[in-house]
Amino acid sequence: MNAPLRNALVMLPQPAAEPQPLLPGAVELLRITGEEWFPPFPGYRVVQLLENLLSIVKDKQIPMHTSKAAMRAFAELDVILRDAADLEDRKKDRTAPPSNAVRAKLYSLRKEFRRKTGRGYIDAENSEWHAMPMRIRMALLLLCGIDGDLDALAGRDFQAMPPPERKAIKTEVRLAKNHFAGVRALASVW
Numbered sequence: 005m006n007a008p009l010r011n012a013l014v015m016l017p018q019p020a021a022e023p024q025p026l027l028p029g030a031v032e033l034l035r036i037t038g039e040e041w042f043p044p045f046p047g048y049r050v051v052q053l054l055e056n057l058l059s060i061v062k063d064k065q066i067p068m069h070t071s072k073a074a075m076r077a078f079a080e081l082d083v084i085l086r087d088a089a090d091l092e093d094r095k096k097d098r099t100a101p102p103s104n105a106v107r108a109k110l111y112s113l114r115k116e117f118r119r120k121t122g123r124g125y126i127d128a129e130n131s132e133w134h135a136m137p138m139r140i141r142m143a144l145l146l147l148c149g150i151d152g153d154l155d156a157l158a159g160r161d162f163q164a165m166p167p168p169e170r171k172a173i174k175t176e177v178r179l180a181k182n183h184f185a186g187v188r189a190l191a192s193v194w
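When we follow our numbering, the leftmost residue of the sequence shown carries the number 5, and every step to the right adds one.
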């Protein structure tokens, strides 16, 4: 048979064989090798291991289970498959970041919680300011000459007030402390 005829026979369409289902491990190996081809990725190492296994079978003509190199390659393939499965599980466990609406709601709730607990700023002045009853805070603001919505103004964090207001409040508290230090009879129950 001449060469052109032999080449023509090779190019004739061959009857298609029925596809055989792949084992799950083989599917995973194909996915790894298809997605990750470069040296730092496991797909590159899988290709190397598979090539080594093929060379053991072709070149040495020995059964696969008798070769120590083949057993080491199978063990390494097993480790790569387990790592890939763990990575997939970790990817599935990751939750999507909250949407902007959810973040805005969380921010407003956190701000309201801080306002209600009086712990917007963690310092002694703010703690003492919020430890006082609301009516005392409102009275202090009146003594300082601060007017407006006293309920809202007294509910603010001490550090959120402008510096002149803070200075006026501190002055009034020192003055009240000096005057009330000697008061005994007015503080008695009877």
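We treat Cβ as the ideally placed atom computed from N, Cα and C, and that holds for glycine.
Discussion item. Taking 7 Å as the limit between beta carbons, can you name the residues of its chain near R188, skipping five residues before and five after?
Written reply: Along the sequence shown, one-based indexing puts residue 188 at 184. For R188, where only same-chain residues beyond five positions count, there are no Cβ hits under 7 Å.
Fill in: Spatial distance of T175 from H134 (CA atoms)
Mapped onto the sequence shown, residue 175 falls at position 171. Mapped onto the sequence shown, residue 134 falls at position 130. Spanning the alpha carbons of T175 and H134 requires a straight line of approximately 18 Å.
Worksheet entry | Stretch-stretch touch, CB-based, cutoff 8 Å, three pairs: the region 98 to 115 with the region 134 to 152 | Contact between the region 98 to 115 and the region 134 to 152 is absent: fewer than 3 CB-CB pairs across the two stretches fall below 8 Å.
Worksheet item: Taking 7 Å as the cut-off, does the CB of V51 come closer than this to any heavy atom belonging to the ligand PLP?
Response: Only the bare structure without any ligand can be found here, which leaves the ligand PLP out of the picture.
Discussion item. I'd like to check one pair, I84 with R49: are the Cβ atoms closer than 8 Å?
Written reply: For the purposes of this step, residue 49 is taken as the residue at position 45 of the sequence shown. For the purposes of this step, residue 84 is taken as the residue at position 80 of the sequence shown. In contact: R49 and I84 (Cβ atoms closer than 8 Å).
Worksheet item: With burial defined as no fewer than 16 other Cβ atoms inside 10 Å of the residue's Cβ, what is the status of L145: buried or exposed?
Response: On the sequence shown, position 141 is the one that residue 145 refers to. Buried is the call here.
Worksheet entry | Separation of A88 from K95, as counted between CA atoms | Counting from one through the sequence shown, the residue named residue 95 turns up at place 91. Counting from one through the sequence shown, the residue named residue 88 turns up at place 84. Rounded to the nearest whole angstrom, the CA to CA distance from K95 to A88 is 10 Å.
Practice prompt. Within the same chain, show all residues whose beta-carbon is closer than 6 Å to that of R160, passing over the 5 residues directly before and after it, in chain order.
Written response: Residue mapping note: residue 160 aligns to position 156 of the sequence shown, counting from 1. Cβ within range, chain order: n/a, list empty.
Worksheet item: When DSSP labels each residue in this structure, what does S112 get in the three-state scheme?
Response: Locating residue 112 in the sequence shown gives position 108, counting from the first residue. Three-state result, S112: helix.
Fill in: Secondary structure of V187, DSSP reduced to three states
Here residue 187 corresponds to residue number 183 of the sequence shown, with the count starting at 1. The three-state reading of DSSP puts V187 in coil, since its state is none of H, G, I, E or B.
Item to complete: Work out the CA separation of F117 and A156 for me, nearest whole Å.
Response: Residue 156 sits at position 152 when you count from the first residue of the sequence shown. Residue 117 sits at position 113 when you count from the first residue of the sequence shown. When rounded, the distance between both Cα atoms is 15 Å.
Practice prompt. For the alpha helix (DSSP H) holding R160, just list the boundary residues, first then last.
Written response: On the sequence shown, residue 160 is found 156 positions in, with the first residue counted as 1. Note, R160: premise wrong, no alpha helix (DSSP H); not H, not E.
Worksheet item: Cα-Cα, which of K62, A73, A77, K72 is closest to V51?
Response: Sequence index remark: in the sequence shown, residue 51 carries index 47 (1-based). Comparing Cα positions, the closest option is A77.
Fill in: Exposed unless 16 or more other CB atoms sit within 10 angstroms - verdict on L53
What you label residue 53 is simply residue 49 of the sequence shown in a count that begins at 1. By the beta-carbon neighbour count (other beta carbons within 10 angstroms, threshold 16), L53 is buried.
Worksheet item: CB A79 to CB I60, shorter than 8 Å?
Response: In the sequence shown, counting from the first residue as 1, residue 79 sits at position 75. In the sequence shown, counting from the first residue as 1, residue 60 sits at position 56. For A79 and I60, no; Cβs fall outside 8 Å.
Item to complete: Inspect the beta-carbon positions of C195 and A172 and report whether they are closer than 8 Å.
Response: The question about residue 195 has no answer here: the residues shown for the chain are numbered 5 through 194.
Item to complete: For D90, name the three-state secondary structure that DSSP assigns.
Response: Position 86 of the sequence shown, counting from 1, holds the residue named residue 90. Here D90 sits in helix by DSSP.
Item to complete: Report the three-state DSSP secondary structure of W133 (helix, strand or coil).
Response: Within the sequence shown, residue 133 is the residue found at index 129, counting from 1. DSSP places W133 in helix when its eight states are reduced to three.
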